[in-house]
Amino acid sequence: MFFNQFNKNEKLEISKNLTELKIYPCLISGPMTGREFSLKYGFKDVGKLENSQNLYSPEDEHFGVKWKIRIRKFDGRLGIFLCTNVTDNQQIHADYTMKMISKNKENNLPLSTSHIFEKCGDPPRVSWGWDKFIKWKTLEDEYLTDGKLVVEVHVKVNKMVGFPKEKLRSFGDEMQQFSDVILKVKDQKFYVSKLYLSYQSPYFATLFSGAFQESGQSEIELKEVNSEDLHHYLDILYGGNGINDHNVKGILSIADMYNTQLVVEKCEKFLVKESEMALKKKLELAGKYRLVELREVCLDQIQSKEDLQSVVSENINEMDPEILGELFKKTIALI
1 MFFNQFNKNE
11 KLEISKNLTE
21 LKIYPCLISG
31 PMTGREFSLK
41 YGFKDVGKLE
51 NSQNLYSPED
61 EHFGVKWKIR
71 IRKFDGRLGI
81 FLCTNVTDNQ
91 QIHADYTMKM
101 ISKNKENNLP
111 LSTSHIFEKC
121 GDPPRVSWGW
131 DKFIKWKTLE
141 DEYLTDGKLV
151 VEVHVKVNKM
161 VGFPKEKLRS
171 FGDEMQQFSD
181 VILKVKDQKF
191 YVSKLYLSYQ
201 SPYFATLFSG
211 AFQESGQSEI
221 ELKEVNSEDL
231 HHYLDILYGG
241 NGINDHNVKG
251 ILSIADMYNT
261 QLVVEKCEKF
271 LVKESEMALK
281 KKLELAGKYR
291 LVELREVCLD
301 QIQSKEDLQS
311 VVSENINEMD
321 PEILGELFKK
331 TIALI
């Protein structure tokens, strides 16, 4: 890969060049498996906050909902909150962990909770967290670097209520007569065809070949898989066309796990031709799932310093090396 030809000092020089372009990305959004995601944001000038003053990260969309981090100084302490934009009659049941990154990178002070996000209060608000996350003096001594504070949130969405659902192909009991195997995710069963899955997926072909214990079972339990993502994946595999910006990440994660090129290609086609997803997110998916056409289309759209600023992560080591190498070429051209 292009970036791998550089040694450690040269990589540091790349980082310096990106800084000279004033590329300070606001929000790092890490794609996770299933219904999980992470947000990471570097707040600036935190030491200058007045009592009761708030600072917000930019909004970032996951599963059709916008999320952001809020921090607040109050009564000699710092509060940290996770905010979202659910509307009336909507709920999001989630587990999440918030932490701050200390100067020495060791004491990150993680706190975890579960919450149902819904509109409540007067005026209505949709946020939850800790009013007294840390004492202000401790914050200044151990966490602020030149007034900057890095906050990270990991979110696991367990349930979404009141959101419209796509009409998907059924893989329930009515498909039993056309099926010879059941895929089970927790309490949900999907009646499918071994032959068709084996034809489309080398993973399933191997699973059903006889070399594994599961090959002779009529019901196979799939672990570390979200049932909703699997349903969307099967719908696309069986000829559906319901890919959208809300479900494409989940579908890709399943298609990649089960090595299903047909579904990967359909997802890439959607991301190239139809998706309104932010350029940074598309590049992340292109790197993670090796989507060459999507990567090239995204890179062609980067024509200015502002475009670079929108896609470069604060920690370049988190980026796909090949994409970072191409961005470095563009950086040199713009300096």
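Residue numbers (UniProt numbering): 1 to 335.
Using N, Cα and C, we set each Cβ at its ideal position, and we do this for glycine too.
query	result
Name the DSSP beta bridge partners of M98, please?	L111 and V153
How many angstroms separate the CA atom of V297 from the CA atom of P321?	17 Å
Pick out the complete beta strand (DSSP E) segments inside the region 204 to 289, 3 residues or longer, and give them in chain order.	219 to 221
Note down, in chain order, each residue of its chain lying with its Cβ closer than 8 Å to the Cβ of F81, except the 5 sequence neighbours on either side.	I69, R70, I71, R72, S127, W128, G129 and W130
Quick check: the Cα distance between V155 and V65, rounded to an integer number of angstroms?	13 Å
Threshold first: 3 residues or longer. Then list the beta strand (DSSP E) segments lying entirely within the region 131 to 197, N to C.	149 to 161, 181 to 185 and 188 to 192
Considering only the alpha carbon of each residue, which of F63, G47 and F178 lies closest to N158?	F63
What are the boundary residues of the alpha helix (DSSP H) that C298 is part of?	V292 to D300
Would F43 and S52 qualify as a contact pair, given that the criterion is a beta-carbon distance under 9 Å?	no
Under 9 Å, Cβ to Cβ, is there at least one residue of chain D near S218?	No chain D is part of this structure, which consists of one protein chain only.
Could you tell me which of Y196, L308, Q176 and K223 sits nearest to L237, measuring between CA atoms?	Y196
Skipping 5 residues on each side, what residues in its chain have a beta carbon closer than 7 Å to that of Y258?	S201, Y203 and F204
Can you tell me whether D250 is buried or exposed? The criterion is at least 16 other CB atoms within 10 Å of its CB, across all chains shown.	Residue identity check: residue 250 is Gly in the sequence provided, not Asp. Burial call: buried.
If I measure Cβ to Cβ from I302 and keep anything under 8 Å in the same chain, skipping five residues before and after, which residues do I get?	L279, L308, V311, L327 and K330
Based on Cα-Cα distance, which residue from Q217, L55, R77 and A333 lies nearest to K135?	R77
Give the secondary structure of T331 by DSSP, where H, G and I count as helix, E and B as strand, and everything else as coil.	helix
Among Q90, E152 and E276, which one has its Cα closest to the Cα of N244?	E276
My guess is that K288 and L334 are in contact by the Cβ rule of under 8 Å, so how many angstroms apart are they, rounded?	Actually they are not in contact, since the Cβ atoms of K288 and L334 sit about 26 Å apart, beyond 8 Å.
Expressed to the nearest angstrom, what Euclidean distance is found between the alpha-carbon atoms of G210 and H93?	41 Å
Closer than 6 Å by C-beta to T97: which residues in its own chain qualify, once you throw out the five before and the five after it? Chain order, please.	P110, S112 and H154
Using the Cβ count rule (16 or more neighbours within 10 Å means buried), how would you classify E106?	exposed
Identify whether V46 lies in helix, strand or coil by the three-state DSSP scheme.	helix
Near I116, which residues of its chain fall below 6 Å by C-beta distance, leaving aside the five closest residues on each side in sequence?	Q91 and H93
I need the straight-line Cα distance from N104 to E152, nearest angstrom please.	16 Å
Can you give me the Cβ contacts of M319 inside the same chain, cut-off strictly under 6 Å, excluding the 5 residues immediately before and after it?	S313
Leaving out five residues on either side along the sequence, give the residues of the same chain with a beta carbon under 7 Å from the beta carbon of E214.	L207 and I220
Return the residue from the list D141, D45, N54 and G162 that minimises the CA-CA distance to T87.	G162
Pull up the distance between the alpha-carbon of I323 and that of I316, whole angstroms please.	10 Å
How is G129 classed by DSSP in three states: helix, strand or coil?	strand
Throw me the rounded Cβ distance for the H231 and L168 pair, which I believe falls under 8 Å.	6 Å
For G79, which beta-bridge partners are listed by DSSP?	R72
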